[in-house]
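Throughout, the numbering used here is defined as the position within the sequence shown, counted from one, plus 1.
Yeah, the Cβ is synthetic: ideal placement off N, Cα and C, and Gly gets one too.
These numbers come from a predicted model, not from an experiment.
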Amino acid sequence: MIVPAEKNHFLGHVLHEFSDGLYGYAMVLSRDRTEAEDLVQETCVRAIQAIDGLRPGSNVKSWLFTILRNIWLNRLRGRRTAPKIVELDGDESTAQTAVAATKDPHALYVSKVERELVRGAIQQLSREFREIIVLREYEDLSYQEIANILGCPAGTVMSRLGRARSKLRSLLSRSLRTPDRREKGARNEPLR
């Protein structure tokens with residue numbers, strides 16, 4: 002298959018722009034670095050093969066995320082195994098590290114602890130909730146774009162997102178309580 006130069010340039014630019022997001026989403030789905038890399042690579046291959054079917058004005062980001070999710074679902078159907086690990090942010094880039102070096106060390110530490118708490122809480126969510134949180138909060142996709150990717154109505158996306166946020170809030174509030182606060186909270190609760 003020969004891809005015209007302008008489409009090749011366009012697709013190369015788009016894949017570069019969304020590769021980190023695709024990888025993060027693949028990590029949420031697969032919980033394995035190697036498999037996430039394979040998913041992104043296969044997404045790129047399929048996007049190249051299907052570029053001629055992409056209509057002008059289409060939402061390319063949503064299209065790529067849908068391709069990735071469909072590849073993942075096909076793999077799951079093929080082997081029916083449980084995922085292993087999830088990593089949302091991998092290693093920080095050198096640009097982020099350089100910018101961070103100019104900040105207050107205490108603020109950097111607090112920021113890192115907060116990121117780790119959020120990442121840990123997201124890992125505790127069900128796959129359905131992890132997926133929707135990442136697509137909305139990390140990838141900033143609209144409800145309709147997420148609905149298209151997941152193959153469900155936008156209303157379902159909104160309700161799942163609400164439940165996912167509530168569960169995440171609950172997990173985070175539990176992890177932010179100090180041992181003293183837990184004891185006080187336990188003593189103040191009414192007996193049932």
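### Task
Could you spell out where the alpha helix (DSSP H) holding GLY156 opens and where it closes?
The residue you call residue 156 lines up with position 155 of the sequence shown. Taken as a continuous stretch (DSSP letters only), the alpha helix (DSSP H) holding GLY156 covers 155-177.
#### Entry: Sufficient close CB pairs (3 or more, under 8 Å) joining the stretch 150-163 to the stretch 42-60
Of all C-beta pairs linking the stretch 150-163 to the stretch 42-60, fewer than three are shorter than 8 Å, placing the two stretches out of contact.
### Task
Measure the Cβ-Cβ separation of TYR24 and PHE66 and say whether it is below 8 Å.
Counted from its first residue, the sequence shown places residue 24 at position 23. Counted from its first residue, the sequence shown places residue 66 at position 65. In this structure, PHE66 does not lie closer than 8 Å to TYR24 by Cβ.
### Query
Given a threshold of 16 other Cβ atoms within 10 Å of its Cβ, counted over all protein chains shown, does ALA108 qualify as buried or as exposed?
The count along the sequence shown starts at 1 and reaches residue 108 at position 107. Under this definition ALA108 is an exposed residue.
### Task
Pick helix, strand or coil for ASP33, following the three-state DSSP scheme.
Stepping through the sequence shown from its first residue, residue 33 is reached at position 32. In the structure shown, ASP33 sits in coil (DSSP, three-state: anything other than H, G, I, E or B).
#### Entry: Chain-order list of residues whose beta-carbon lies under 8 Å from that of LEU126 (same chain, five-residue window excluded)
Sequence index remark: in the sequence shown, residue 126 carries index 125 (1-based). Excluding sequence neighbours, LEU126 sits near ILE134, ALA165, LYS168, LEU169, LEU172.
### Residue nearest to GLY58 in terms of C-alpha spacing, selected from ASP33, ASP39, PHE11
Locating residue 58 in the sequence shown gives position 57, counting from the first residue. Among ASP33, ASP39, PHE11, the Cα nearest to that of GLY58 is on PHE11.
### Task
Determine the extent of the alpha helix (DSSP H) in which TYR110 is found, giving its start and end residues.
Here residue 110 refers to the residue found at position 109 of the sequence shown. Taken as a continuous stretch (DSSP letters only), the alpha helix (DSSP H) holding TYR110 covers 106-125.
### Rounded straight-line distance, which links the Cα of ARG80 to that of SER143
The residue you call residue 143 lines up with position 142 of the sequence shown. The residue you call residue 80 lines up with position 79 of the sequence shown. When the Cα atoms are used, SER143 and ARG80 turn out to be separated by approximately 31 Å.
### Task
Give every residue of the same chain whose Cβ lies closer than 7 Å to the Cβ of ALA122, excluding the five residues on either side of it in the sequence, and list them in chain order.
What you label residue 122 is simply residue 121 of the sequence shown in a count that begins at 1. Here the set comprises LEU169, LEU172, LEU173, SER176.
### Message
Can you give me the C-alpha to C-alpha distance between HIS17 and LYS62, rounded to a whole angstrom?
### Response
By one-based count along the sequence shown, residue 17 stands at place 16. By one-based count along the sequence shown, residue 62 stands at place 61. Rounded to the nearest angstrom, the two C-alpha atoms are 11 Å apart.
### ASN71 beta carbon less than 8 Å from that of GLU146
Reading the sequence shown from its first residue, position 145 is the one you call residue 146. Reading the sequence shown from its first residue, position 70 is the one you call residue 71. No, the pair does not count as a contact, with Cβ atoms beyond the cut-off.
### Message
Please classify VAL41 as buried or exposed, where buried requires at least 16 other C-beta atoms within 10 Å of its C-beta.
### Response
Against the sequence shown, residue 41 aligns to sequence position 40. By the 10 Å Cβ count, VAL41 comes out buried.
### Message
Mapping the DSSP letters down to three states, classify GLY58 as helix, strand or coil.
### Response
On the sequence shown, position 57 is the one that residue 58 refers to. If DSSP states are grouped into helix, strand and coil, GLY58 belongs with coil.
### Query
Over what stretch of residues does the alpha helix (DSSP H) that includes TYR144 continue unbroken?
As a first step, residue 144 is located in the sequence shown; it is residue number 143 there, counting from the start. Element bounds for TYR144: 144-151.
### Residue nearest to GLU140 in terms of C-alpha spacing, selected from VAL15, GLY22, GLY13, HIS14
If you number the sequence shown from 1, residue 140 lands on position 139. Distance check between GLU140 and each of VAL15, GLY22, GLY13, HIS14 places GLY22 closest, using alpha-carbon atoms only.
### Message
To the nearest angstrom, how far is the alpha carbon of ALA99 from that of SER20?
### Response
Counted from its first residue, the sequence shown places residue 99 at position 98. Counted from its first residue, the sequence shown places residue 20 at position 19. For ALA99, the predicted model reports a pLDDT of 44, less than 50, meaning its position is unreliable and no value from the coordinates is stated.
### Message
Beta-carbon within less than 8 Å of PRO154's beta-carbon, same chain only, minus the 5 sequence neighbours each way: which residues are those?
### Response
Numbered from its first residue, the sequence shown carries residue 154 at position 153. Same-chain partners within the cutoff: ALA148.
### Message
Do ARG131 and VAL29 have their beta-carbon atoms positioned less than 8 Å apart in this structure?
### Response
Here residue 29 corresponds to residue number 28 of the sequence shown, with the count starting at 1. Here residue 131 corresponds to residue number 130 of the sequence shown, with the count starting at 1. Yes; because the gap between Cβ atoms is below 8 Å, this pair is in contact.
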